[in-house]
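Notes follow once the structure below has been shown.
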Amino acid sequence: MLPEEVVAHAEEAPPYNKLPENENPYALFTDGSCHIMGKHQRWKAAVWIRTQRVAEAAEGQGESSQFAEVKAIQLALAIAEREKWPMLYLCIDSWMVANALWGWLQQWKQSNWQRRGKPIWAAPLWQAIAAWLEKLVVKVHHVDAHVPKSQATEEHQNNQQVDQAAKIEVAQVDLDWQHKGELFTAWQAHDTSGHQGRDATYRWACDRGVDLTMDAIAQVIHECETCAAINQAKRLKPLWYGGRWLKYKYGEAWEIDYITLPQTHQGK
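Quick note on numbering: UniProt numbering labels position 117 of the sequence shown as 117, and the sequence is numbered without any gaps.
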């Protein structure tokens with residue numbers, strides 16, 4: 001009889017504050033994130049080493065936040081191997097990753113890393129993780145990341161540390177492009193809505209599901225030539241005329257600058 005094949009999977013572990021003292025030093029917190037800017041997609045994976053109060057991270061392009069979360073597991077396993085730990089205790093806030101480590105890996109390996117005849121997502125990553133799990137005791141605990149600050153424990157505080165470490169620092173040039181895109185959208189909303197004021201333009205955009213900031217709208221209105229012409233027309237025409245307050249229409253600004261076209265030789 002052939003020996004039974006070793007199937008990789010992690011054990012489910014208790015909360016961080018209930019760890020045995022001898023296992024506490026081997027706890028790592030992992031997380032991953034993704035930032036999309038235009039056509040570019042950047043990811044970052046991070047591991048928080050609680051005992052050293054430091055984080056290790058890896059970054060790349062073209063992948064999702066789920067990929068980054070799995071990559072963070074690889075980083076944690078590499079740290080455990082480098083430090084020659086006898087075991088690894090992982091604290092993660094992703095149910096997808098937790099379930100994969102608890103049992104899906106076993107199913108994927110038994111089905112030759114396929115599902116319904118197709119390769120599973122990120123198969124090379126999972127295969128590398130499975131190889132590590134075959135030679136290292138790994139325990140996994142899922143951290144609830146959505147708890148009120150008043151109820152946050154040391155576990156949640158450490159999870160916040162790795163969450164911060166996984167955030168992508170956006171370059172100023174990316175922020176500039178993002179701001180320019182928002183200004184263009186704000187200008188379209190301001191122009192289409194009839195060159196209304198800041199609050200009216202904001203309401204018009206909200207009613208149509210367009211997400212704009214008051215600052216972007218205010219900047220567009222400040223730089224709008226049409227609005228400047230309207231304001232100039234109001235200064236030229238008195239507000240009180242003939243015993244009544246005058247009302248203004250946006251079209252009046254166009255009438256002030258109106259120049260007749262020259263006639264053709266046929267008088268048309």
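Beta carbons are placed, not taken as given, at the ideal position from N, Cα and C, and that holds for glycine.
Please list the terminal residues of the continuous alpha helix (DSSP H) segment that includes residue i.
i	result
residue 73	65-82
residue 156	154-165
residue 151	Neither: residue 151 is in no alpha helix (DSSP H) and is coded neither H nor E.
residue 108	105-110
residue 17	Note, residue 17: premise wrong, no alpha helix (DSSP H); not H, not E.
residue 99	95-99
Along the chain, where does the beta strand (DSSP E) containing residue i start, and where does it finish?
i	result
residue 49	40-49
residue 129	Element bounds for residue 129: not the beta strand (DSSP E) but the alpha helix (DSSP H), 123-133.
residue 139	137-142
residue 90	87-92
residue 61	54-61
Round the Cβ separation of residue i and residue j to the nearest angstrom and send it over; I've been treating them as touching at under 8 Å.
i	j	result
residue 198	residue 217	5 Å
residue 165	residue 55	4 Å
residue 46	residue 31	6 Å
residue 28	residue 76	5 Å
Just the Cα atoms here: how many angstroms apart are residue i and residue j?
i	j	result
residue 184	residue 72	37 Å
residue 98	residue 53	24 Å
residue 157	residue 68	21 Å
residue 174	residue 15	Note that residue 174 scores 45 on pLDDT, short of 50, meaning its location in the model is unreliable and no value can be drawn from it.
residue 134	residue 211	49 Å
residue 11	residue 19	13 Å
residue 205	residue 118	44 Å
residue 191	residue 209	16 Å
residue 201	residue 131	58 Å
residue 94	residue 226	51 Å
residue 50	residue 115	37 Å
residue 17	residue 163	19 Å
residue 107	residue 122	15 Å
residue 189	residue 214	12 Å
residue 9	residue 153	28 Å
residue 111	residue 220	58 Å
residue 83	residue 147	32 Å
residue 172	residue 151	Its pLDDT being 43, under 50, residue 172 is placed unreliably by the model, and nothing is read from it.
residue 42	residue 231	45 Å
residue 224	residue 207	22 Å
residue 155	residue 186	43 Å
residue 80	residue 74	10 Å
residue 78	residue 149	32 Å
residue 40	residue 100	28 Å
residue 161	residue 145	12 Å
residue 127	residue 33	22 Å
residue 36	residue 120	24 Å
Does the beta carbon of residue i come closer than 8 Å to any beta carbon on chain B?
i	result
residue 213	The structure shown contains no chain B; it holds only a single protein chain.
**Request:** Entirely within the region 186-215 and at least 4 residues each: give me those alpha helix (DSSP H) ranges in chain order.
**Result:** 198-207
**Request:** Pair every Cβ in the region 133-142 with every Cβ in the region 73-92, then say whether three or more of these pairs are closer than 8 Å.
**Result:** yes
**Message:** When you compare the region 56-64 with the region 188-202, are there three or more beta-carbon pairs, one atom per stretch, that lie closer than 8 Å?
**Reply:** no
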